[in-house]
Amino acid sequence: MANNIILERLEGVTHRFTEVGDLLTQPDILSDMKKYVKLNKEYKDLQPVVEAYEKYRLALSNVESAKEILSKEKDEELREMAKLEIEELSAKLPEMEEEIKMLIIPADPQDDKNAVMEIRAGTGGDEASIFAGDLFRMYTKYFESRGWKYDVNNYSEGTAGGYKEIVINVSGDKVYGILKYESGVHRVQRVPQTETQGRIHTSAASVVVLPEADEFDVDLRQEDIRKDTYCSSGPGGQSVNTTYSAIRLTHIPTGIVVTCQDEKSQLKNYDKALKELRTRLYNLEYQKYLDEVAHKRKTMVSTGDRSAKIRTYNYPQGRMTDHRINLTIYNLPSILDGNIQEVLDKLQMAENAERLKESNIQ
Numbered sequence: 166m167a168n169n170i171i172l173e174r175l176e177g178v179t180h181r182f183t184e185v186g187d188l189l190t191q192p193d194i195l196s197d198m199k200k201y202v203k204l205n206k207e208y209k210d211l212q213p214v215v216e217a218y219e220k221y222r223l224a225l226s227n228v229e230s231a232k233e234i235l236s237k238e239k240d241e242e243l244r245e246m247a248k249l250e251i252e253e254l255s256a257k258l259p260e261m262e263e264e265i266k267m268l269i270i271p272a273d274p275q276d277d278k279n280a281v282m283e284i285r286a287g288t289g290g291d292e293a294s295i296f297a298g299d300l301f302r303m304y305t306k307y308f309e310s311r312g313w314k315y316d317v318n319n320y321s322e323g324t325a326g327g328y329k330e331i332v333i334n335v336s337g338d339k340v341y342g343i344l345k346y347e348s349g350v351h352r353v354q355r356v357p358q359t360e361t362q363g364r365i366h367t368s369a370a371s372v373v374v375l376p377e378a379d380e381f382d383v384d385l386r387q388e389d390i391r392k393d394t395y396c397s398s399g400p401g402g403q404s405v406n407t408t409y410s411a412i413r414l415t416h417i418p419t420g421i422v423v424t425c426q427d428e429k430s431q432l433k434n435y436d437k438a439l440k441e442l443r444t445r446l447y448n449l450e451y452q453k454y455l456d457e458v459a460h461k462r463k464t465m466v467s468t469g470d471r472s473a474k475i476r477t478y479n480y481p482q483g484r485m486t487d488h489r490i491n492l493t494i495y496n497l498p499s500i501l502d503g504n505i506q507e508v509l510d511k512l513q514m515a516e517n518a519e520r521l522k523e524s525n526i527q
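Position one of the sequence shown corresponds to residue 166 (the working numbering), numbered consecutively onward.
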């Protein structure tokens with residue numbers, strides 16, 4: 166471990182942790198909810214680093230004490246105990262150092278947030294919509310395996326099944342930090358249901374994952390929003406096309422438009438649409454951060470280019486290939502059943518390796 170660099174950073178982290186803890190008790194901070202939420206998050210983020218550092222320092226101190234016993238003690242039993250402690254701790258130190266390295270790499274500040282996921286059919290006509298539906302099923306199976314909650318904000322069904330577009334809110338532990346690797350173009354190679362001659366076609370769907378903004382992230386003024394109501398379409402029973410429950414919000418300064426028609430209640434649709442609008446505004450700024458990161462390192466996270474092909478699902482060969490890390494898995498049915506954790510773990514490992522290089526900690 167580059168002891169000097171890391172120990173200096175850890176001392177700085179410990180100092181900041183104490184400082185933030187003191188700030189959280191100050192009356193002016195307690196009365197400013199926006200500052201309090203921000204500092205409280207920073208405190209929680211720093212806590213595991215400080216705990217790992219204390220554990221590491223204690224291990225180093227115990228190694229030094231054991232070495233001192235070896236140099237001064239003549240009792241063979243005590244000397245043997247000191248040798249065993251040095252061996253055990255020396256074996257654990259590299260693992261502790263690796264853990265600390267990962268903890269002190271500057272994290273994406275959005276990783277802890279919930280996410281908004283948009284799946285949109287691309288080239289391939291009806292087959293692309295069917296594939297977008299397959300991706301939606303894959304992701305919802307994965308969400309269920311993680312214990313995450315999800316709900317549909319808006320959707321447009323394909324004429325032969327699936328979706329032309331579907332927007333989902335996903336909430337749970339560190340959702341954006343895990344799902345962000347899914348942004349980009351997903352290609353499918355298979356014989357479409359509409360193909361009569363058995364020819365393999367290539368179709369595509371794009372996935373965009375955005376960190377969900379909370380009310381403290383964006384100053385959204387009501388006078389900047391135009392609200393329109395209209396009748397819902399699609400499944401929904403007798404209330405469809407009879408009540409004006411669907412909501413369309415237009416942010417006048419930017420021209421961003423969001424719609425929500427999933428709920429029967431106009432108020433619930435309005436709340437969900439407002440949350441999505443806040444998220445899309447927030448991501449105008451966040452996109453600048455992603456672009457800046459992309460210039461510094463080869464990132465596994467898409468910077469929003471809808472033409473960036475990240476993954477291919479090949480049905481005839483039963484394989485899935487992630488082109489960013491040259492990973493191929495020959496178990497496509499399992500992947501499409503939502504078992505994508507292995508892929509996400511390997512993408513995260515590749516991203517962390519890039520972040521280590523960038524931070525000059527080796």
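Glycine included, every Cβ here is placed at the ideal spot set by N, Cα and C. Bear in mind the structure is a predicted one, so any value in this text is a computation, not a measurement.
For residue i and residue j, which I take to be in contact (beta-carbon distance under 8 Å), what is that distance rounded to the nearest angstrom?
i	j	result
glycine 337	lysine 314	6 Å
tyrosine 478	leucine 449	About 31 Å separates the two Cβ atoms, so there is no contact after all.
alanine 247	leucine 235	5 Å
alanine 411	tyrosine 435	About 10 Å; that fails the 8 Å criterion.
histidine 351	arginine 476	5 Å
asparagine 205	asparagine 279	Not a contact, Cβ separation roughly 17 Å.
valine 270	leucine 521	Valine is not the amino acid found at residue 270; the sequence shown has isoleucine there. Rounded, the Cβ-Cβ distance is 6 Å, consistent with contact.
alanine 438	threonine 424	7 Å
threonine 179	tyrosine 218	6 Å
arginine 413	aspartate 393	4 Å
phenylalanine 301	tyrosine 328	6 Å
lysine 306	aspartate 502	6 Å
tyrosine 304	leucine 512	In fact, because the Cβ distance is near 15 Å, the residues do not count as touching under 8 Å.
glutamine 275	proline 376	4 Å
glycine 298	glycine 326	6 Å
Output needed for residue i: all residues of its chain with C-beta closer than 6 Å, excluding positions within five of it in sequence on either side, in chain order.
i	result
threonine 415	Arg391, Val422
aspartate 277	Lys339
glutamate 207	Val185
aspartate 210	none
valine 332	Glu283, Asn318, Asn319
threonine 493	Arg484, Thr486
alanine 378	Arg443, Thr444, Tyr447
tyrosine 480	Arg355
valine 353	Phe296, Ser368, Tyr478
leucine 142	Not covered by the structure: residue 142. The range shown for the chain is 166 to 527.
Is residue i helix, strand or coil when you go by DSSP?
i	result
valine 383	coil
leucine 172	helix
lysine 239	coil
asparagine 227	helix
tyrosine 395	strand
aspartate 487	strand
proline 192	helix
alanine 286	strand
proline 418	coil
alanine 378	coil
tyrosine 478	strand
alanine 473	coil
alanine 411	strand
asparagine 406	Because the pLDDT at asparagine 406 is just 48, under 50, the model does not fix this residue reliably, and the value given afterwards should be weighed accordingly. Three-state result, asparagine 406: coil.
alanine 140	This structure gives no information on residue 140, because the portion of the chain shown stretches from 166 to 527.
isoleucine 529	Since the displayed the chain opens at 166 and closes at 527, residue 529 lies outside it and no answer follows.
histidine 180	helix
Excluding five sequence neighbours on each side, which residues of the same chain lie with their C-beta closer than 8 Å to the C-beta of residue i?
i	result
valine 228	Glu250, Ile251, Leu254, Ser255, Leu258
isoleucine 417	Asp389, Ile390, Arg391
tyrosine 495	Gln482, Gly483, Arg484
arginine 174	Ile269
valine 383	Arg443, Leu446, Tyr447
lysine 232	Ala247, Ile251
For residue i, which residues from the same chain have a beta carbon less than 7 Å from its beta carbon, with the 5 sequence-adjacent residues on both sides left out?
i	result
glycine 177	none
lysine 200	Ile194
leucine 268	Pro213, Val214, Ala217
aspartate 240	none
proline 357	Glu292, His366
Between residue i and chain C, is there a C-beta pair that is closer than 7 Å?
i	result
glutamate 173	Reference to chain C is not applicable here, since this structure consists of a single protein chain.
Return yes when at least one heavy atom of the ligand PLP lies under 6 Å from the C-beta of residue i, else no.
i	result
alanine 297	The ligand PLP is absent from the structure shown, which contains no ligands of any kind.
May I have a chain-ordered list of the alpha helix (DSSP H) segments no shorter than 4 residues that lie completely inside the region 291 to 370?
291 to 311, 340 to 344
The region 381 to 392 contacting the region 307 to 327, beta-carbon criterion three pairs below 8 Å:
no
Should the region 246 to 263 be regarded as contacting the region 287 to 307, the criterion being three or more beta carbon pairs within less than 8 Å?
no
Does the region 280 to 288 come close enough to the region 179 to 195 to have 3 or more Cβ pairs within less than 8 Å?
no
Fully enclosed by the region 491 to 517, which alpha helix (DSSP H) runs are 4 residues long or longer?
497 to 501
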